[in-house]
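In our numbering, the protein residues as written are 145 to 672.
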């Protein structure tokens, strides 16, 4: 019997080869952004190279082991290793074992020279490698800094903002704005900074400091990524490798915490209160200090589900702020509210005989609780008014990570991060307010396979979400929606501004809001 076999077209063959290349080659690029590798040479006591030596690299946190064999030149390489502490053991035929302890940081290459003594000569040498945080990578021209777990946890940070630690990198400069939202590297624009979370780019949804290079919607909130969720990170600020694409500024590679064979966790609480603050000049004008209640709290827990096989980690952080804001603007004064015959003044009645709508709307420029700082005189019909109003910020951030080891050659992890923030704040002295809502999210599923000691395949699927909504709220005066209100002013008006005081300087404009809801989702795409 003759069976006819379908002939595979050249196009189908090309697609199969392309897909195979994608899974084998592409993951190696991503792996270099959130992992490290250990490279070494094995020699005997006389300095001779030891080929065929057995190398075992053990992760002390999870018990995971990787193996390698030295080449004819005595060289071994173990790549795609998670940032952790490792024990490296080398064994050679008729030679004693050599043992080294190594701290491997994210994106780092550690070089070891292992010496095997003759049989009968005990040799167990512990060497701590990879502890230099700021260094030039000897395997390339890259320059950067590793911020290790101890620094992430121990360094005092105002507000626990991750971006403050970027300043440890060579070439990093703060613009001097008083915040950490404009950190630049080697003179490049802040929009060129790129943040990767476990190898997945999340520039706009992870930290408030990066700019807007790819059209993402930046967030007005403070946490974005909880510091409790960060194990360590690396900033490459100059001459970084080609796999760091997209931006030419700082390349920030963040590694999240994971569970280990031992349970570990933390609980924290930070607070501020106006009872501990002094009143400033403008607080004294209204007779009381602006209220302030700030609480930042949270914790984390991680550990084994099955030792040496599966692990979990969970973190939570809350941020609650209630603060008074002093707003200062120019508003129509008492003289401006007096009707006068045309031309030049506000008519008392309109052509239809009804009272002037302009006079009805002038009160909208000033909240009834406003205090007058300066009164207009002569032809200046505007007063300078101040209002002390309350603002609120609520943020809730949490993260979950699950690691599972199928066998010695295959492992998987899943990590998801979400931060939801709402911010309601006053806008000027008219009583108008703006409400912001943002929900940045970042997740990753990663599967790693060790095909052979010299070949590792890693597949990652990442997710970013950046839902934001802005809603302007304006008071209603005499039944009129003043969010549509605009005003034409002739002549000069007061322009009052003192650095650090007040949230507005210029003329009160009740209609100066986003009238309708404005929302975006994902990478700046319309949300419906």
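Glycine included, every Cβ here is placed at the ideal spot set by N, Cα and C.
- Residue environment, residue 298, which counts as buried when at least 16 other CB atoms sit within 10 Å: For the purposes of this step, residue 298 is taken as residue 154 along the chain shown, with counting starting at 1. Classification for residue 298: exposed.
- May I ask you to report which of helix, strand or coil DSSP gives residue 295? Within the chain shown, the letter at position 151 stands for residue 295. Looking at residue 295 - three-state DSSP - the assignment turns out to be helix.
- Task: Grab me the residues of residue 683's own chain with a C-beta within less than 7 angstroms of its C-beta, minus the 5 sequence neighbours each way, in chain order.
- Result: This structure does not reach residue 683, given that the chain is present from 145 up to 672, and the question cannot be answered.
- Item | Exposure of residue 419, with buried meaning 16 or more beta-carbon neighbours within 10 Å | Indexing the chain shown from 1 puts residue 419 at position 275. Looking at its Cβ environment, which holds fewer than 16 other Cβ atoms inside 10 Å, residue 419 is exposed.
- Message: Within a Cβ cutoff of 8 angstroms, which residues of the same chain sit near residue 302, ignoring the five residues on either side of it in sequence?
- Response: Working through the chain shown from its first residue, we reach residue 302 at position 158. Result list for residue 302: 308, in chain order.
- Query: Does DSSP classify residue 344 as helix, strand or coil?
  - Reply: One-based indexing of the chain shown puts residue 344 at position 200. In the structure shown, residue 344 sits in a strand (DSSP, three-state: E or B).
- Query: How about residue 613 and residue 534: are their beta carbons less than 8 angstroms apart?
  - Reply: On the chain shown, residue 613 is found 469 positions in, with the first residue counted as 1. On the chain shown, residue 534 is found 390 positions in, with the first residue counted as 1. Result no, Cβ atoms of residue 613 and residue 534 do not sit closer than 8 angstroms.
- Message: At the level of alpha carbons, what is the spacing between residue 579 and residue 537?
- Response: Counting from one through the chain shown, the residue named residue 579 turns up at place 435. Counting from one through the chain shown, the residue named residue 537 turns up at place 393. Their Cα atoms are separated by approximately 10 angstroms.
- Could you tell me if residue 410 is buried or exposed, where buried requires 16 or more neighbouring beta carbons within 10 angstroms of its beta carbon? Walking along the chain shown from the start, residue 410 turns up at place 266. Label assigned to residue 410: exposed.
- Item | Counted within 10 angstroms of its Cβ, other Cβ atoms place residue 588 as buried (16 or more) or exposed | Within the chain shown, numbered from 1, the residue matching residue 588 stands at position 444. With 16 or more Cβ atoms within 10 Å of its Cβ, residue 588 is classed as buried.
- Name the two residues that bound the continuous beta strand (DSSP E) containing residue 543. Translated into the one-based positions of the chain shown, residue 543 becomes position 399. 526-549 is the extent of the beta strand (DSSP E) around residue 543.
- Can you tell me where the beta strand (DSSP E) with residue 85 in it begins and where it stops? This structure cannot settle anything about residue 85, because the visible part of the chain is limited to 145 through 672.
- Message: So, for residue 205: in the same chain, excluding its five sequence neighbours on each side, which residues have a beta-carbon less than 6 angstroms away from its beta-carbon?
- Response: Here residue 205 refers to the residue found at position 61 of the chain shown. Closer than 6 angstroms at the Cβ level, and outside the excluded window around residue 205, lie 228, 404.
- Query: With a CB to CB cut of under 8 angstroms and the five nearest residues on each side skipped, what residues in its chain are close to residue 251?
  - Reply: Mapped onto the chain shown, residue 251 falls at position 107. Around residue 251: 176, 177, 178, 179, 180, 288, 290, 378, 380, 397.
- Task: State the beta-bridge partners of residue 468 as determined by DSSP.
- Result: Within the chain shown, the letter at position 324 stands for residue 468. In DSSP, residue 468 forms a bridge with 534.
- The beta strand (DSSP E) with residue 198 in it runs from where to where? Within the chain shown, the letter at position 54 stands for residue 198. 198-203 is the span of the beta strand (DSSP E), which, as asked, contains residue 198.
- Message: In the DSSP output, what is residue 604 paired with across the bridge?
- Response: Residue numbering aside, residue 604 sits at position 460 when the chain shown is read from its first letter. Looking at the DSSP output, residue 604 shares a beta bridge with 590.
- Query: If you count every other CB in all the chains shown that lies within 10 Å of the CB of residue 473, and 16 or more means buried, which is it?
  - Reply: Position 329 of the chain shown holds residue 473. Flag for residue 473 reads buried.
- Message: Less than 6 angstroms between C-beta atoms, sequence neighbours within five positions excluded: which residues of the same chain meet that for residue 414?
- Response: Counting from 1 along the chain shown, the entry for residue 414 is found at position 270. Contacts found: 440.
- Label residue 596 either buried or exposed according to how many other C-beta atoms from any shown protein chain fall within 10 Å of its C-beta, with 16 as the threshold for buried. For the purposes of this step, residue 596 is identified with residue 452 of the chain shown, where counting begins at 1. Exposed.
- Message: Which residues does DSSP list as the beta-bridge partners of residue 519?
- Response: Taking the first residue of the chain shown as 1, we reach residue 519 at position 375. In DSSP, residue 519 forms no bridge with anything.
- Query: By DSSP, does residue 407 sit in helix, in strand, or in coil?
  - Reply: The residue labelled residue 407 in the question sits at position 263 within the chain shown. Coil at residue 407, not helix or strand.
- Message: Tell me which residues share the same chain as residue 317 and place their Cβ nearer than 6 angstroms to its Cβ, disregarding the 5 neighbours each side in the sequence.
- Response: As a working note, residue 317 is residue 173 in the chain shown. The answer, listed in chain order, is 328.
- Note the first and the last residue of the continuous beta strand (DSSP E) segment covering residue 380. The residue given as residue 380 occupies position 236 in the chain shown. For residue 380, the enclosing beta strand (DSSP E) stretches over residues 374-382.
- Whose CA, out of 526, 528, 532, 563, lies closest to the CA of residue 543? Along the chain shown, read from residue 1 onward, the residue named residue 543 stands at position 399. For residue 543, the closest of 526, 528, 532, 563 by C-alpha to C-alpha distance is 563.
- Query: DSSP beta-bridge partners for residue 242?
  - Reply: Position 98 of the chain shown, counting from 1, holds the residue named residue 242. Bridge partners of residue 242: 234.
- Which whole-angstrom value is the C-beta distance of residue 213 and residue 232, which I expect to be below 8 angstroms? Position 69 of the chain shown, counted from the first residue, corresponds to residue 213. Position 88 of the chain shown, counted from the first residue, corresponds to residue 232. The pair is not a contact, with the Cβ atoms about 14 angstroms apart (cut-off 8 angstroms).
- Item | Cβ neighbours of residue 594 in the same chain (closer than 6 angstroms, five flanking residues each side left out) | What you label residue 594 is simply residue 450 of the chain shown in a count that begins at 1. Closer than 6 angstroms at Cβ, skipping near neighbours: 553, 600.
- Query: What are the boundary residues of the beta strand (DSSP E) that residue 187 is part of?
  - Reply: Here residue 187 is taken as the residue at index 43 of the chain shown, counted from 1. Counting along the chain, the beta strand (DSSP E) containing residue 187 begins and ends at 180-188.
- Task: Consult DSSP for residue 595 and reduce its assignment to one of helix, strand or coil.
- Result: Your numbering for residue 595 matches position 451 in the chain shown. Here residue 595 sits in strand by DSSP.
- Smallest Cα separation from residue 569: which of 477, 314, 581? Translated into the one-based positions of the chain shown, residue 569 becomes position 425. With distances taken between Cα atoms, residue 569 lies closest to 581.
- Within this structure, are the beta carbons of residue 186 and residue 207 separated by less than 8 angstroms? In the chain shown, the residue the question calls residue 186 occupies position 42. In the chain shown, the residue the question calls residue 207 occupies position 63. Result no, Cβ atoms of residue 186 and residue 207 do not sit closer than 8 angstroms.
- Please work out which residues of its chain come closer than 6 angstroms, Cβ to Cβ, to residue 236, disregarding the five sequence neighbours upstream and downstream, and give them in chain order. Taking the first residue of the chain shown as position 1, residue 236 is located at position 92. The residues 194, 197, 260, in chain order, have a CB closer than 6 angstroms to that of residue 236 in the same chain once the five nearest residues on each side in sequence are set aside.
- Please determine, among 221, 292, 225, the residue with the shortest C-alpha to C-alpha distance to residue 257. Walking along the chain shown from the start, residue 257 turns up at place 113. When C-alpha distances from residue 257 are compared across 221, 292, 225, the shortest belongs to 221.
- Distance, residue 556 Cα to residue 592 Cα: Reading the chain shown from its first residue, position 448 is the one you call residue 592. Reading the chain shown from its first residue, position 412 is the one you call residue 556. Using only the alpha carbons, I get a separation of about 6 angstroms.
- Message: For residue 550, tell me which candidate among 530, 452, 330, 539 has the shortest Cα-Cα distance.
- Response: Position 406 of the chain shown, counted from the start, is the residue given in the question as residue 550. For the residues 530, 452, 330, 539, the minimum Cα distance to residue 550 belongs to 452.
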